[in-house]
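Numbering (the numbering used here), first residue to last: 2 to 279. For every residue, glycine included, the Cβ atom is placed at its ideal position computed from N, Cα and C.
Now the structure itself:
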């Protein structure tokens, strides 16, 4: 909606405040759902902050009311990815408890921000509740999984911000047995800065296999058969080199452990042959 239509809606609401309590039907991701006007406004493109303030003034509890899928107005604003930073900041400030509210799919507002919004919006939601970075949805995906799954169209700082908020997420597997690194590699555009940050935090992830048995570098190679360029070749070489190094380090540790176990067994055998003097 353009500015003129938002202004007309605000004038109508001013004349008929009871409209804030109305039951509306909207379509979200192809699904028809019933909701309040506040939800509907948040789900539209670039909603007017003035209108949202009006709706909340006439019906404050709508801010904490769930739609049929368990989503709050903040969820919908981030799901559509069409709200301005000022609107998102306002919603976060007016209802801080919403930041830790899960919908029926187990998604927090931060999950949706990581999937559908810009770096600025991700940063606003993350700063409002950093704890949200530690919580997985029903598919066992943390916000880091989701932001890595779309790194090809998102600014690098978003991934780095979510990573810094919860570095342990690099070792977390989702229902597909994938780490965030797998999702970052399963992309048409490999980002060296993002992959380097993930590998530095958890190099062991390079050897981890997902539900198909694929390692991150194998996923990257599959994608590069379709999307290949000189820069991508450099990133792929980096992944190859680090994978080989990690595999070598694992072999060294395995051998050292085996030698120690063998030494302990020999020591026990020698001690068992020693008899006390009669």
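Assuming contact is defined by CB atoms lying nearer than 8 Å, are residue i and residue j in contact in what I supplied?
i, j, result
"residue 122", "residue 86", "yes"
"residue 113", "residue 145", "no"
"residue 171", "residue 158", "no"
"residue 109", "residue 133", "yes"
"residue 243", "residue 200", "yes"
"residue 294", "residue 248", "For residue 294 there is no data in the structure shown, the boundaries of the chain being 2 and 279."
"residue 90", "residue 125", "yes"
"residue 21", "residue 49", "no"
Quick one: give me the first and last residue of the alpha helix (DSSP H) that residue i is part of.
i, result
"residue 280", "The structure shown does not extend to residue 280, since the chain spans only 2 to 279, so no value can be given for it."
"residue 121", "120–129"
"residue 194", "193–202"
"residue 77", "74–81"
"residue 51", "50–59"
"residue 186", "181–186"
"residue 90", "86–95"
"residue 222", "217–225"
"residue 116", "110–117"
"residue 212", "No alpha helix (DSSP H) contains residue 212, which DSSP labels as neither H nor E."
"residue 149", "144–149"
To the nearest angstrom, report how far apart residue i and residue j are at their CA atoms.
i, j, result
"residue 43", "residue 88", "9 Å"
"residue 274", "residue 250", "Because the pLDDT of residue 274 is 48, which lies under 50, any placement of that residue in the model is unreliable, and the number read from its coordinates should be weighed accordingly. About 37 Å."
"residue 196", "residue 190", "11 Å"
"residue 1", "residue 106", "Any property of residue 1 remains undetermined from this structure, which presents the chain solely from 2 to 279."
"residue 45", "residue 143", "26 Å"
"residue 15", "residue 77", "24 Å"
"residue 136", "residue 130", "11 Å"
"residue 238", "residue 224", "14 Å"
"residue 138", "residue 115", "13 Å"
"residue 103", "residue 68", "12 Å"
Just curious, the beta strand (DSSP E) that residue i is in, first and last residue?
i, result
"residue 36", "32–36"
Which residue or residues does DSSP assign as beta-bridge partners of residue i?
i, result
"residue 27", "34"
For the ligand GTP, is there any heavy atom lying closer than 7 Å to the beta carbon of residue i?
i, result
"residue 59", "The ligand GTP is not among the ligands present in this structure, which contains no ligands whatsoever."
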